[in-house]
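Engineer: Using this note's numbering, read the sequence shown as starting at 11 and increasing by one per residue.
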Amino acid sequence: MRQLFLSSVVAATGLVAAGQNAFAADAPTSAVSPADAMNIARKNACMGCHAVDRKLVGPSFQQIAEKYKGDAKAPARLEGKVRDGGSGVWGMLPMPSHRSMDSGDIKKVVGWILAGSPAK
Ligand code: HEC
Numbered sequence: 011m012r013q014l015f016l017s018s019v020v021a022a023t024g025l026v027a028a029g030q031n032a033f034a035a036d037a038p039t040s041a042v043s044p045a046d047a048m049n050i051a052r053k054n055a056c057m058g059c060h061a062v063d064r065k066l067v068g069p070s071f072q073q074i075a076e077k078y079k080g081d082a083k084a085p086a087r088l089e090g091k092v093r094d095g096g097s098g099v100w101g102m103l104p105m106p107s108h109r110s111m112d113s114g115d116i117k118k119v120v121g122w123i124l125a126g127s128p129a130k
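Now the structure itself:
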């Protein structure tokens, strides 16, 4: 009986996880490894203007995570900002648009930034 109970708990948890993945569509941020996210940021030249822990041309990724902590709308807003570019939130300097960047990659890198840019 106990065994049966445990296995149905495991099955239910599996269903919940599957549901979340379906909801997050193509790129569940939880499945992104920090190394992958960092590679995406490097490959797309984000690191030419951003660093994890200090301001360069743009704000540091840690400053960004701090500013949007607890903001449920931040992922969508920042994904749009990376794709379309813009200015005025951190100062006068604009961030260029990244319209040819893969939307799954944008989602991954924004999710990683908002998670505090863990090194691993
Ligand atoms: C040419 C320099 C440059 C590049 C390249 C660049 N950024 Fe930015 N980024 C900026 C600047 C400047 C800002 C501040 C914009 C503002 O004040 O609204 C910024 C802001 C941001 C923000 C915060 C936006 C907000 O509204 O708070 C995020 C997130 C971000 N960048 C991510 C990225 C990612 C991911 C990439 C690579 C795909 C990237 N940036 C490439 C210069 C750059």
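Glycine included, every Cβ here is placed at the ideal spot set by N, Cα and C. Note that this is a predicted model, so its numbers are computed, not measured.
#1: From the DSSP output, in three-state form, read off MET102 for me.
#2: Thinking C-beta only, is SER107 closer than 7 Å to ASP95?
#3: Assuming ALA86 is part of the alpha helix (DSSP H), what are its boundary residues?
#4: Should VAL99 go down as buried or exposed, given a rule of 16 or more other Cβ atoms within 10 Å for buried?
#5: Do PRO9 and VAL62 have their CB atoms nearer than 7 Å?
Structural biologist: Reading it off the structure:
#1: Here residue 102 is taken as the residue at index 92 of the sequence shown, counted from 1. Coil at MET102, not helix or strand.
#2: Within the sequence shown, numbered from 1, the residue matching residue 95 stands at position 85. Within the sequence shown, numbered from 1, the residue matching residue 107 stands at position 97. The sequence shown places Gly at residue 95, not Asp. Against a cut-off of 7 Å, the Cβ pair of SER107 and GLY95 comes out as a contact.
#3: Within the sequence shown, numbered from 1, the residue matching residue 86 stands at position 76. Note, ALA86: alpha helix (DSSP H), 84-94.
#4: Position 89 of the sequence shown, counting from 1, holds the residue named residue 99. Exposed: under 16 other Cβ atoms inside 10 Å.
#5: The question about residue 9 has no answer, for the chain in this structure spans 11 to 130.
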